[in-house]
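Asks:
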Amino acid sequence: MDHSWLTLLDARVPRYTSYPTAPHFHPRIGSALFENWLKAIDPRQPISLYVHVPFCHQLCWYCGCNTHIVKGERPVELFLKNVLKEIGLVQRHLSGRPKVSHLHFGGGSPNRLTADQFDQIMQRLHQAFELVEGAEIALEIDPRHLDTAQTQTYARWGVNRASLGVQDFDPDVQKAMNRIQPFDTVARAVGLLREAGITAINFDLLYGLPLQTIDSIHATIAQTALLSPDRVALFGYAHVPWLKKQQKTLERFGLPSATQRAELALYARSELEKHYQPIGIDHFAKAGDSLAVAAKNNQLHRNFQGYTVDEAKTLIAFGPSGISSTPQGFAQKEPELAAWNHCIEADQLAIRRGIALEPADRLRSDIIEQIMCHLGVDVEAVAKQHGETPELFLPCFDHLAPFAAQGLVTIEGWRLTIPEQRRLAARSIAAAFDAYLQPEETRHSAAV
Ligand SMILES: C[S@@+](CC[C@H](N)C(=O)[O-])C[C@H]1O[C@@H](n2cnc3c(N)ncnc32)[C@H](O)[C@@H]1O
Ligand code: SF4
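Numbering (my numbering), first residue to last: 17 to 464.
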């Protein structure tokens, strides 16, 4: 297989779960401004909610998430007390009881909370918000720590989607990543969820981990297929030991080279495509799944969790590091647990940084979202919707010329299309429209 085109892509290019991206948030966005954004929410338009649960039972060496391993239950109980209070602090600034169409619990591992703790959060959310009929209520789950009391509580509250962290089934890879999780453990968790009626199941898989080989990826995907999740997210392992010190441990085992990583990525994708439709850059879904249907109808969206069918224009986040998104801009909570606890106890909304959106940001955000979701965009049409002319983007088209020469994108007039087999180029094509990137950040180098 020829992987040379992958070397044109820059691994440092953002994944565009938002535009502008989080590194461009700044501390001039604080709680006072966010209060105004909350006040402007129209209670008749459904919104989305995100709750970040920053705890796990054990640390995976590869983990890049905002989580904590704590001794004893006091830190978790304090978090619970404060997240309940935080919902009340937000509620003070809302008019009425806004409708909610999507609720997502992420982390960390939301199932680090007991059934009773989860129950308390849901009760409080129901007081402040109206979950509409058919709302999607999704939870990220560590399959090693799931019990019947939890799955029954989730089902009682209408949880209808669960994302399981699977990563890799190979015993040696699992040992290297400090996450022993045999097939039977994952099968048991899937069984508990399905028995409780939570039948929409997602798996997260990773490539680029130490000791992974084409054979181990083959076996992991064969075992995944046996459990038949509706969706699979396939992420490239992001090695950032300067931010996440424990990742350094993985270097003992040796990380795959850029070429090996590209081979693992392409092989994993080709195996998954035997069972699933590819969605965007890193998701796979069964043909009838709502994500696959949305992709087919050009109704896919991108948010902080990746790809979604969620159309809400407002997302309110609770818990440390959570990012809220409103038509006026993005606002991120204090990422440090202690600082977040401190703010909430002082009756503050704990906004640490963010960015207010300018009209030019909204225009570029629409272009980037279309590239990431639909693998193409009519720049003229989007510019017109925003009252602009496409000529504004001539420098972006100049930047794309080398990509077009390599067949990573076709350009016809103002329309861009990424060929089906070059989906992984979407981030780099989108980056051409990112006004915040420095020129060297869009330069060609490394691979996926
Ligand atoms: C919050 S975790 C999922 C729920 C639960 N904590 C678990 O791991 O089972 C979110 C996902 O992020 C992905 N992830 C974590 N660290 C990563 C990294 N360094 N690079 C890429 N993906 C990563 C993993 O696939 C993981 O399943
Ligand atoms: S269980 Fe999930 S969030 Fe927790 S350390 Fe592992 S990957 Fe990170």
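Note that the Cβ used here is the ideal one computed from N, Cα and C, for glycine as well.
1. Tell whether a beta-carbon distance below 9 Å holds between Pro159 and Leu180.
2. Report yes or no: do the stretch 209-229 and the stretch 343-361 share at least 3 C-beta pairs separated by less than 8 Å?
3. Got a sec: does ligand 1 put a non-hydrogen atom nearer than 8 Å to the Cβ of Val256?
4. DSSP on Asp450, reduced to helix/strand/coil?
5. Is the separation between the beta-carbon of Ala281 and that of Tyr292 shorter than 9 Å?
6. Verify the contact flag: Cys412, CB atom, against every heavy atom of ligand 1, threshold strictly below 8 Å.
7. Please determine whether the Cβ atom of Thr201 lies at a distance below 8 Å from any heavy atom of ligand 3.
8. How would you write the range of the alpha helix (DSSP H) that His390 sits in, first residue to last?
9. From Glu385 to Gln401, what does the alpha carbon distance come to, in whole angstroms?
10. Indicate the three-state DSSP secondary structure (helix, strand or coil) for Gln228 in the structure shown.
11. With a threshold of 6 Å on Cβ separation, who are the neighbours of Gln454 within its own chain once the five nearest residues in sequence on each side are excluded?
12. Which runs of the alpha helix (DSSP H) at least 4 residues long sit entirely within the stretch 83-127? Give them in chain order.
13. Would the beta-carbon of Tyr253 be found less than 8 Å away from any heavy atom of ligand 1?
14. Measuring alpha carbon to alpha carbon, tell me which of Pro36, Leu25 and His19 ends up nearest Phe449.
15. When DSSP labels each residue in this structure, what does Ser34 get in the three-state scheme?
16. According to DSSP, which residues form a beta bridge with Thr164?
17. If you follow the beta strand (DSSP E) that Val67 is in, where does it begin and where does it stop?
18. Just to confirm, does Leu75 get its C-beta within under 8 Å of one of the non-hydrogen atoms of ligand 2?
19. Any heavy atom of ligand 1 closer than 8 Å to the CB of Ser337?
20. Based on DSSP bridge pairs, tell me the residues matched to Tyr292.
21. Could you compute how far the alpha carbon of Gln262 sits from the alpha carbon of Thr83?
22. Would the C-beta of Tyr5 count as close to ligand 1, meaning under 8 Å from any of its heavy atoms?
23. Using the Cα positions of His109 and Asp184, report the straight-line distance between them to the nearest angstrom.
24. Exposed or buried, Ser444, counting other C-beta atoms within 10 Å across all chains shown (16 or more means buried)?
25. Beta carbon of Leu227, beta carbon of Ala254: below 9 Å?
26. Go through its chain and collect everything with a Cβ distance to Asn313's Cβ below 7 Å, but skip five positions before and after it.
27. Does Asp132 pass the burial test, meaning 16 or more other C-beta atoms within 10 Å, or should it be called exposed?
28. Just how far apart, CA to CA, sit Val202 and Val182?
29. For Gln228, is the beta carbon positioned less than 8 Å from some heavy atom of ligand 1?
30. How about Thr83: is its Cβ closer than 8 Å to a heavy atom in ligand 2?
31. In this structure, what does DSSP give as the bridge partners for Val393?
32. Determine which residues share a DSSP beta bridge with Ile371 and list them.
33. Do Arg431 and Val393 have their C-beta atoms within less than 9 Å of each other?
34. Within the continuous beta strand (DSSP E) that includes Thr324, where are the two ends?
35. What whole-angstrom Cβ distance do Ala249 and Asp298 have, given they're in contact under 8 Å?
36. Put Leu424 into one of helix, strand or coil per three-state DSSP.
Replies: The short version:
1. Numbered from 1 along the sequence shown, position 143 holds the residue referred to as residue 159. Numbered from 1 along the sequence shown, position 164 holds the residue referred to as residue 180. The answer is yes: Cβ separation under 9 Å.
2. no
3. To locate residue 256, count along the sequence shown from 1; it is residue 240. Yes, Cβ of Val256 sits closer than 8 Å to a heavy atom of ligand 1.
4. On the sequence shown, position 434 is the one that residue 450 refers to. Coil, per DSSP.
5. Here residue 281 refers to the residue found at position 265 of the sequence shown. Here residue 292 refers to the residue found at position 276 of the sequence shown. In this structure, Tyr292 does not lie closer than 9 Å to Ala281 by Cβ.
6. Within the sequence shown, residue 412 is the residue found at index 396, counting from 1. Checking every heavy atom of ligand 1 against the Cβ of Cys412, none is found closer than 8 Å.
7. Of the ligands one can find in the structure shown, namely ligand 1 and ligand 2, none is ligand 3.
8. Along the sequence shown, read from residue 1 onward, the residue named residue 390 stands at position 374. Counting along the chain, the alpha helix (DSSP H) containing His390 begins and ends at Pro375 to His390.
9. Taking the sequence shown and counting its residues from 1, the one referred to as residue 385 is at position 369. Taking the sequence shown and counting its residues from 1, the one referred to as residue 401 is at position 385. Straight-line Cα distance between these residues: approximately 15 Å.
10. Looking up residue 228 in the sequence shown gives position 212. Correct three-state label for Gln228: coil.
11. Translated into the one-based positions of the sequence shown, residue 454 becomes position 438. Closer than 6 Å at the Cβ level, and outside the excluded window around Gln454, lies no residue.
12. 90-107
13. Reading the sequence shown from its first residue, position 237 is the one you call residue 253. Answer for Tyr253: yes, Cβ within range of ligand 1.
14. For the purposes of this step, residue 449 is identified with residue 433 of the sequence shown, where counting begins at 1. Selected option, being the one with the closest Cα: Pro36.
15. Locating residue 34 in the sequence shown gives position 18, where the first residue counts as 1. The answer is coil: DSSP assigns Ser34 none of H, G, I, E or B.
16. Translated into the one-based positions of the sequence shown, residue 164 becomes position 148. Partner(s): none; Thr164 has no beta bridge.
17. Taking the first residue of the sequence shown as position 1, residue 67 is located at position 51. Note, Val67: beta strand (DSSP E), Ile63 to Val69.
18. Residue numbering aside, residue 75 sits at position 59 when the sequence shown is read from its first letter. Within the cutoff, so yes.
19. Here residue 337 refers to the residue found at position 321 when the sequence shown is read from its first residue. No; taking the cut-off as 8 Å, the Cβ of Ser337 has no heavy atom of ligand 1 nearer than that.
20. As a working mapping, residue 292 is identified with position 276 in the sequence shown. Partner(s): none; Tyr292 has no beta bridge.
21. On the sequence shown, residue 262 is found 246 positions in, with the first residue counted as 1. On the sequence shown, residue 83 is found 67 positions in, with the first residue counted as 1. C-alpha separation (whole angstroms): 12 Å.
22. An answer regarding residue 5 cannot be provided, because it is not within the stretch 17 to 464 covered by the chain.
23. Residue 109 sits at position 93 when you count from the first residue of the sequence shown. Residue 184 sits at position 168 when you count from the first residue of the sequence shown. Distance between the alpha carbons of His109 and Asp184 is about 44 Å.
24. Taking the sequence shown and counting its residues from 1, one reaches residue 444 at position 428. Result: buried.
25. In the sequence shown, the residue the question calls residue 227 occupies position 211. In the sequence shown, the residue the question calls residue 254 occupies position 238. No, the pair does not count as a contact, with Cβ atoms beyond the cut-off.
26. Numbered from 1 along the sequence shown, position 297 holds the residue referred to as residue 313. Within the same chain, Asn313 has no close Cβ partners at all.
27. The residue labelled residue 132 in the question sits at position 116 within the sequence shown. Counting Cβ neighbours within 10 Å, Asp132 comes out exposed, since fewer than 16 surround it.
28. Position 186 of the sequence shown, counted from the first residue, corresponds to residue 202. Position 166 of the sequence shown, counted from the first residue, corresponds to residue 182. Computed Cα separation, rounded: 7 Å.
29. Residue 228 sits at position 212 when you count from the first residue of the sequence shown. No, since every heavy atom of ligand 1 falls outside the 8 Å radius drawn around the Cβ of Gln228.
30. The residue you call residue 83 lines up with position 67 of the sequence shown. Correct: Thr83 has its Cβ closer than 8 Å to ligand 2.
31. Position 377 of the sequence shown, counted from the first residue, corresponds to residue 393. Partner(s): Leu432.
32. Within the sequence shown, residue 371 is the residue found at index 355, counting from 1. DSSP, once it has assigned bridges, lists Phe346 as partnering Ile371.
33. Locating residue 431 in the sequence shown gives position 415, where the first residue counts as 1. Locating residue 393 in the sequence shown gives position 377, where the first residue counts as 1. Contact flag set, yes.
34. Translated into positions along the sequence shown, residue 324 becomes position 308. Here the beta strand (DSSP E) through Thr324 covers Gly322 to Thr324.
35. Residue numbering aside, residue 249 sits at position 233 when the sequence shown is read from its first letter. Residue numbering aside, residue 298 sits at position 282 when the sequence shown is read from its first letter. Yes, Ala249 and Asp298 are in contact; Cβ-Cβ is about 6 Å, under 8 Å.
36. Position 408 of the sequence shown, counted from the start, is the residue given in the question as residue 424. Of the three classes helix, strand and coil, the one that applies to Leu424 here is coil, per DSSP.
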